[in-house]
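Q: Protein chains in written order, with the numbering used here: chain R, 13 to 445; chain S, 22 to 333.
Positions of the beta carbon are idealized from the N, C-alpha and C atoms, including for glycine.
Fair warning: this is a prediction, and the values are worked out from it, not measured in the lab.
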Amino acid sequence: MREASRELIIRGAHVLDPLSGLDEVTDVRLAAGRVAEVGAGLRGARRLDADGLHLFPGFVDVHAHWRTPGREDEETIETGSAAAAAGGFTSVVMMPNTDPIVDKPVIVSGLVRRIENESRVRAHVSVALHEGLRGERLTEMRLLKEAGAFCVSDDGLGTQSAGVLRNGMLYAKTAGLPVILHCEDHTLATGAVHDGVPAALAGIPGSPASAEDAATATALVLATETGAKVHITHVSTALSAGLVGYFKDRADVTADTTPHHLTLTDELVGTLDGMYRVNPPLRPEKHRRDVGEALRGGILDFVATDHAPHSLSEKDLPLEEAAPGFLGHETAFAAIHTELVLKDKLSLSRLIEAMASAPGRWIGGAGTLGVGAPADLALVDLSEEWTVRPEEMVSRSRNSPYLGQKLRGRLVGTVVGGELVYDRIGERVGERV
Amino acid sequence: MRARDFIGTQDVTREDLRTVLDLAQDFAKGRLGGPTDGALSGKTVCLAFFEASTRTAVSFELAARRAGAHVISISEKGSAIQKGESLVDTVVTLDALEADAIVIRHPAAGAARLAARHTGAALVNAGDGRGQHPTQALLDVYALSEALGGLDELDGRRVAVVGDVLHSRVARSVIPTFQAAGMEVALVAPRTLLPLEAHAWNLPVISSVDDALDWGADVLYALRLQKERMTEGSPRVPSVAEYARYYGVARRHLATGTLLMHPGPVNRGVEVSGDVVFDHSSLIPTQVASGVAVRGAVLALATGAVGMEIAA
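1. What residues of chain S sit near residue 146 of chain R, judged by a beta carbon separation below 7 Å?
2. According to DSSP, is residue 394 of chain R part of a helix, a strand, or is it coil?
3. Have a look at residue 166 of chain R and residue 126 of chain R and give me their C-alpha separation to the nearest angstrom.
4. Name the chain R residues that come within less than 9 Å of residue 208 of chain S, Cβ to Cβ?
5. Quick check: the Cα distance between residue 225 of chain S and residue 231 of chain S, rounded to an integer number of angstroms?
6. Closest to residue 94 of chain S by C-alpha separation, out of S:109, S:126 and S:107, would be which residue?
7. Going along the chain, which unbroken runs of the beta strand (DSSP E) with 3 or more residues stay wholly within the segment 228-262 of chain S?
8. Are there three or more Cβ pairs, one per stretch, closer than 8 Å when the segment 157-165 of chain S is compared with the segment 296-310 of chain S?
9. Less than 9 Å between the beta carbons of residue 269 of chain R and residue 248 of chain R, yes or no?
10. Please go through the same chain and pick out, in chain order, the residues whose beta-carbon is closer than 6 Å to the beta-carbon of residue 371 of chain R, but skip the five residues on each side of it.
11. Counting only the same chain and skipping the five closest in sequence on each side, list residues whose C-beta sits under 8 Å from that of residue 321 of chain S.
12. The alpha helix (DSSP H) that contains residue 199 of chain S, what's its start and end?
13. Can residue 34 of chain R and residue 381 of chain R be called in contact, C-beta distance under 9 Å?
14. Closer than 8 Å, Cβ to Cβ, to anything on chain R: give me those residues from the segment 244-271 of chain S, in chain order.
15. CA-CA distance, residue 86 of chain S and residue 175 of chain S?
16. Count Cβ pairs between the segment 352-368 of chain R and the segment 222-229 of chain R that sit closer than 8 Å; are there 3 or more?
17. How is residue 264 of chain R classed by DSSP in three states: helix, strand or coil?
18. Could you compute how far the alpha carbon of residue 172 of chain R sits from the alpha carbon of residue 181 of chain S?
19. Assuming residue 215 of chain R contacts residue 203 of chain R under a Cβ cut-off of 8 Å, what Cβ separation, rounded to an integer in Å, is found between them?
20. Given a cut-off of 9 Å on the beta-carbon distance, is the pair residue 198 of chain R and residue 170 of chain R in contact?
21. Return the chain-ordered ranges of every alpha helix (DSSP H) run that is complete within the segment 139-164 of chain R and spans a minimum of 4 residues.
22. Since residue 282 of chain S sits in a beta bridge, which residues does DSSP pair it with?
23. State the Cα-Cα distance for the pair residue 194 of chain S and residue 385 of chain R, rounded to the nearest angstrom.
24. Could you check if residue 62 of chain R belongs to the surroundings of the ligand GTP, using beta carbon to heavy atom distance under 8 Å?
25. Do residue 161 of chain R and residue 189 of chain R have their CB atoms nearer than 9 Å?
26. What residue does the alpha helix (DSSP H) around residue 129 of chain R start on, and which one ends it?
27. Could you say if the segment 288-300 of chain S and the segment 257-273 of chain S meet the contact criterion of at least three C-beta pairs nearer than 8 Å?
28. By the 7 Å beta-carbon criterion, what residues does the segment 228-242 of chain S contribute toward chain R?
29. For the pair the segment 137-156 of chain R and the segment 247-262 of chain S, tell me if three or more CB-CB distances fall below 8 Å.
30. Consult DSSP for residue 146 of chain S and reduce its assignment to one of helix, strand or coil.
31. Can you list, in chain order, the stretches of the beta strand (DSSP E) that have 3 or more residues and sit fully within the segment 53-80 of chain R?
32. Where DSSP assigns a beta bridge to residue 434 of chain R, which residues make up the other side?
33. Given residue 116 of chain R, which residues of its chain have a CB within under 6 Å of its CB, disregarding the five upstream and five downstream residues?
34. Would you report the Cα separation of residue 34 of chain S and residue 289 of chain S, rounded to the nearest angstrom?
35. Less than 6 Å between C-beta atoms, sequence neighbours within five positions excluded: which residues of the same chain meet that for residue 41 of chain S?
36. For a contact defined as C-beta to C-beta under 7 Å, what are the partners of residue 149 of chain R on chain S?
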């Protein structure tokens, strides 16, 4: 683990932490890796002048693919965590659909060891819900937990048998592990994009919204019945969001949606560009709007990026042949800030809640700047306008759907455990004798 | 329910247990006579086994013969049962042959109760589906009481029932029986091997044998895990290694005098690590040996050979 950090005082930032009710210009003292003091006029040897910047609790991303082990040509723990840090994320959950799949205790302990050595941010290991993600035999969840597993997931494929899913939930409950579910019915999801007008016009096979909705309904019904702690990831349709709302008080269930489902639509299918293939697919405007509304109202608890790096050879293809997935870490905050906050569809405070407080509560002990909390934070210049350029991306891959777009709001620095892990401020840190 | 039937243990009382245990002790010591002058002389006992069984069938037959009964044994193989004769028709036939007691084993819960409605003979349930297996529970209490020095010694002790509660008729019989003996019962199983309504018995649910010892278990009662629960369809347990790690009884669990019980047959290395089946803390051999005496006592009570009121 990191060494105990030196003291640092961040002066003059607008501190916004929905959980502790902070929304003012003030100073924050970090010491021994934790938030030690919040208040005006703090003094100390090492300080960072943050006038004009916003200071948020570090963002938490419960859904990322760092492609390790197996596809280190696309992302590694080092590059994935650097990309996360560049996006203000200080805690990340790594999905298990790697090669090999994370379904054995020895793979988990290996990953945990590598995270300690290679990750810039806090990273948690999600393990497969069933062996090989084949939808048959449950994994050894209790032994996996002892090896360091944080949660279980069927991400990437979903669980096609309701019986297996139900057993998985029951067993995960016994093991004390939360379950992250990718809801997709493969008998319905036979296309490459959303089965909408652009797909019809372009002649690209579509998958209907029901592919997600039917699987989401099944997952929610089973979560209610089994009492398992279930998180539905990347909700992308109006009905799935509505279903989550219906089951909210009936089950131990939470849900997220992604920056791209909040900001992009299936109009992009018209480009026929493999870049825009993602799963679940980009949806029509009505879905985008309703999903955004569900996030605003708290029916969807938080945002997760589904950061999914792909090599050029997997993306520079016709839509039908391209690998699904977008980079997410580096643009998440800026994209939502630009498309929703600046257009008055979402408050800044709710966005911070959705990127830090709520997912932080879900993983436990993160997402706040309360005194005593880990010194994990994001320093942002809300006024900075920037263009997403491939050559400036920190990830090892380049498959961002925002390439060439102008976004507003940019990370200036990210701190984990009191240490700067992303630094565009260098000169602002002043040593005082 | 008629007084002489042994269909389930749901309403068993401490007095019932004492009656059966005292009589079983008499039986074991030869006080109920032998094959020619035994308590069951002149009685006809029919064993109707619609499902395979080894120890239960053998101990019922031995008990009946040792006490002088005529025994008719029909099993799924080589009888009209195999030809598809229904449970009720079989029972009616045995009834017409003037059986005094019908001992029934059947793959469906409720079979014993249904059979009892169609015969004047005493009905003894030798295991029906996931339902009940009352003589197993009675012999367990007998074996435990012999080991601890009497039925009263069970009072206030703690027994953890470990494993596949969901599919187990043994669990459904031993839980009320141990409670009638004054014992506290807890369940130790993953949620996949418990009924969805795991609180149905109002018992604590514990998630490992280690935790059961922390709870203060004096007795670990391990249930058999059928192999198909691990291999067929959607398996309820990820692996033998994981099951054995959390729900298997190992030598270390018996170090402080905790007793081990298992209704048999044992999957060594799964429910019980191979080296402790015959450990001095294991009552498994005693349980098997208790079967004949307890089933003899049950048959004597069921046929009215020994006049005692019993509500079990």
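A: Let's see:
1. Here the premise fails: no neighbours, minimum Cβ distance about 12 Å.
2. strand
3. 23 Å
4. Per Cβ cutoff of 9 Å: no residues; residue 208 of chain S is ~12 Å from chain R at best.
5. 15 Å
6. S:126
7. 240-243
8. yes
9. yes
10. 72, 74 and 314
11. 44, 48, 53, 60, 61, 88 and 327
12. 190-201
13. yes
14. 254, 255, 256, 257, 258, 259, 260, 262, 263, 266 and 267
15. 31 Å
16. no
17. coil
18. 36 Å
19. Their Cβ separation, rounded to whole angstroms, is 11 Å, which puts residue 215 of chain R and residue 203 of chain R out of contact at 8 Å.
20. yes
21. 153-158
22. S:242
23. 52 Å
24. In the structure on display, the ligand GTP does not appear, and there are no ligands present to speak of.
25. yes
26. 117-130
27. yes
28. 228
29. yes
30. strand
31. 58-61, 66-69 and 71-76
32. R:426
33. none
34. 34 Å
35. 159 and 318
36. 256 and 259
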